[in-house]
Amino acid sequence: MSTDDTMLDELLGAYALDAVGADEAVAVEAYLERAPHAAQELARLRNAATWIGATEALTPPPELHDTVLEAARSRRATALGRSAPDDPCWPST
Amino acid sequence: MTEHVGRQAGRDVRPSQWERTTRHRLIAGEEGALNEIYDQFASFVYGLALRVIGDARAAEDVSQDVFVTFWERPDAFDPDRGSLRTWLGTLAHRRAVDHVRREEARRRRAIKDAARPTTTPDVEEMAIALVTAERVRSALDTLPDDQRRAIQLAYFGGKTYRQVAEVLGIPEGTAKSRLRLGLRRIAGVLETETVGRSE
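Residue numbers (this note's numbering), protein chains in the order written: chain P, 9 to 101; chain B, 3 to 201.
Now the structure itself:
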């Protein structure tokens, strides 16, 4: 493993927390495509981050439910029959 | 034998049947599926967004954006690569951090819980989620202070690791490794019991 790769491995925690700069995010994402061990570690770390986030769960104001449904309905026509653009969430493994 | 629960890139457990079914129902444009997802994950998405942004109105906007994004592109969620919770949480966190980084001034204010009766589409999963969140809370308490502080600044404070290093007065490399080590410990706790699986 090259020094660069080691440095990218060290960034995985920060990346899982959305705590890297834009250039670094690009570098990490390219790295994830060619390094399965890194993609696997990221999945673990991101799962951990998710559950840390879940400790803050809080019931939203009741009207949010209707707001979401109305927004969804208004976009329903365009939503169907359209292919999804690039996945915004998963690392590109 | 195909009984292989192999670690696919994104997850170490197989996707739940509920996730697969719900995703298909969303692809078919079924509004009831969106309702179920909302009831199951609204508190998670909203609570996370609120914690990061500190503003109720903006947290609602982020939450709406997350659910409508999933409604519009349910096929962007690949159940083989991670849980729905992680997918929604990753999206919510990114949107929240984007918001924080756009807004220089952040307002934090106390928000009172406004409870509302909801349907509970997957009671068992929701119960597991409560227990798991509680375990993670305890695990966070047992993390070394320096790791916990770094994670909180980054994840809830929306700071980059460079900013974390600056705030804590530590080298950037140290900030990076504290974030990684801390998350690894939490991941380890999640993996020690089956209840730690993510939905």
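Here a beta-carbon is modelled for each residue, glycine too, at the ideal position from N, C-alpha and C.
Interface with chain B (9 Å Cβ-Cβ cutoff): THR75 of chain P is included.
Between VAL125 of chain B and chain P, the shortest Cβ-Cβ separation is not below 9 Å.
In terms of CA proximity to PHE69 of chain B, B:TYR48 leads the group B:ASP82, B:ARG83, B:TYR48 and B:GLY56. Shown here for GLY34 of chain B: same chain residues with a beta carbon closer than 8 Å to its own, the five before and five after excluded, namely ARG27 in chain order. The C-beta distance from GLU49 of chain P to LEU20 of chain P rounds to 6 Å, short enough to fall under 8 Å. At least 9 Å separates the CB of ILE55 of chain B from every CB of chain P. Here GLN149 of chain B is buried. Its C-beta has 16 or more other C-beta atoms within 10 Å.
Considering only B:ASP63, B:THR176, B:LYS161 and B:GLN154, the residue with the shortest C-alpha distance to THR63 of chain P is B:GLN154. LEU185 of chain B is positioned such that its CB atom lies closer than 9 Å to that of ALA24 of chain P.
Relative to the Cα of ALA79 of chain P, the nearest Cα in the group B:ALA78, B:ASP63, B:PRO146 and B:PHE79 belongs to B:ASP63. The Cβ neighbour count for ALA141 of chain B, taken over all protein chains shown within 10 Å, is at least 16; the residue is labelled buried.
The beta-carbon separation of LEU72 of chain P and ALA131 of chain B, rounded to 19 Å, does not stay under the 8 Å limit for a contact. Proximity of LEU170 of chain B to chain P, defined by a Cβ-Cβ separation below 9 Å, is not satisfied. Contact between PHE46 of chain B and GLY91 of chain B is confirmed by a C-beta separation of about 7 Å, below the 8 Å threshold. Boundaries for ILE172 of chain B: no alpha helix (DSSP H) harbours it, and the DSSP string shows neither H nor E there.
Distance from the Cα of ALA177 of chain B is smallest, within the candidate group B:ALA152, B:ALA189 and B:LEU36, for B:ALA152. Relative to GLU105 of chain B, the option among B:GLU193, B:LEU145, B:VAL169 and B:VAL54 whose CA is nearest is B:VAL54. With respect to the 9 Å criterion, ALA156 of chain B and ALA22 of chain P are classified as neighbours on the basis of their beta carbons. For the segment 32–51 of chain P, the set of residues with a beta-carbon nearer than 8 Å to any beta-carbon of chain B comprises PRO44, ALA47, GLN48 and ALA51, in chain order. Just so you know, the alpha carbons of ASP31 of chain P and ASP147 of chain B end up roughly 29 Å apart.
Cβ proximity to chain P below 7 Å picks out GLU62, SER65, GLN66, PHE69, VAL70, TRP73, GLU74, ARG75, ASP77, ALA78 and ASP80 from the segment 59–82 of chain B. Around the Cβ of SER65 of chain B, a 10 Å sphere holds 16 or more other Cβ atoms; the residue is buried.
Only TRP59, ILE60, GLY61, ALA62, THR63, GLU64, ALA65, LEU66, THR67, PRO68, PRO69 and PRO70 from the segment 59–70 of chain P bring a Cβ to less than 8 Å from some Cβ of chain B.
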